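S.K.: One structure, pasted below without further comment.
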Amino acid sequence: ALLHFRPSVAVFQTKILRNFRMVPISSLAGIDSRSLKNGDAAPKELQAGHFRLYSMRFCPFSKRALIYLAKKGIKAEIININLKEKPEWYFAKNSDGAVPTLEYDGKVVSESTVISQFLDDLMPETSILPKDPYERAQQRILFGKLSPVR
Numbered sequence: 001a002l003l004h005f006r007p008s009v010a011v012f013q014t015k016i017l018r019n020f021r022m023v024p025i026s027s028l029a030g031i032d033s034r035s036l037k038n039g040d041a042a043p044k045e046l047q048a049g050h051f052r053l054y055s056m057r058f059c060p061f062s063k064r065a066l067i068y069l070a071k072k073g074i075k076a077e078i079i080n081i082n083l084k085e086k087p088e089w090y091f092a093k094n095s096d097g098a099v100p101t102l103e104y105d106g107k108v109v110s111e112s113t114v115i116s117q118f119l120d121d122l123m124p125e126t127s128i129l130p131k132d133p134y135e136r137a138q139q140r141i142l143f144g145k146l147s148p149v150r
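Okay, so the sequence shown: first residue is 1 according to this note's numbering, each after it adds one.
Take a look at the structure:
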């Protein structure tokens, strides 16, 4: 069977999804919460050792980070951000005001691909990317071909 990502790209399902399995997202509290906007209070301070992802329900880049958290079995609090009326306090987390942004132990990481690599480096025992450098490079090449959002 073929998966079609866009009309000009077709790849064999077995190549991409050989390790595919459904992952519950129940460990992601707040995934369907309302989006916070300008004038809304900032969430309370994050406890040490906990994860918080600033997201937007319909953002494909946020979905990538959400899938990564779920696949790794990481419990996280999800804070949805209204991207048209961003809360002022959010710019202290991400100066660009973009999502996704991950917060963990007083550290803030943005950009979905960087978040994915950060989580793999932080928890190598549940690494999603291959450990072999060549295979990892091949995954990045494939990722680059499939990533453009148009």
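The C-beta atom is built at its ideal place from N, Cα and C for all residues, glycine as well. Since this is a predicted model, take the numbers as computed values, not measurements.
Among the residues of its own chain, which have a CB less than 6 Å from the CB of residue 76, if the five just before and after it don't count?
M.R.: 28, 51, 53, 69
S.K.: Of the residues 61, 142, 106, 88, which one's Cα is nearest the Cα of residue 100?
M.R.: 61
S.K.: From residue 170 to residue 55, what does the alpha carbon distance come to, in whole angstroms?
M.R.: Since the first and last residues shown for the chain are 1 and 150, residue 170 lies out of range.
S.K.: Give the DSSP-derived three-state secondary structure of residue 77 in the structure shown.
M.R.: strand
S.K.: Tell me whether residue 13 sits in a helix, a strand or coil according to DSSP, three-state version.
M.R.: A caution first: residue 13 carries a pLDDT of 38, below 50, which makes its placement in the model unreliable, though a value can still be read off. The answer is helix: DSSP assigns residue 13 an H, G or I state.
S.K.: Return the CA-CA distance between residue 134 and residue 140, expressed in angstroms with no decimal places.
M.R.: 10 Å
S.K.: From the DSSP output, which residues share a beta bridge with residue 36?
M.R.: 81
S.K.: What separation, rounded to the nearest whole angstrom, lies between the Cα atoms of residue 39 and residue 87?
M.R.: One C-alpha to the other measures close to 6 Å.
S.K.: DSSP three-state call for residue 88: helix, strand or coil?
M.R.: helix
S.K.: With H, G and I counted as helix, E and B as strand and the rest as coil, what does DSSP make of residue 28?
M.R.: The answer is strand: DSSP assigns residue 28 an E or B state.
S.K.: Would you mind sorting residue 102 into buried or exposed? The rule is 16 or more other CB atoms within 10 Å of its CB.
M.R.: buried
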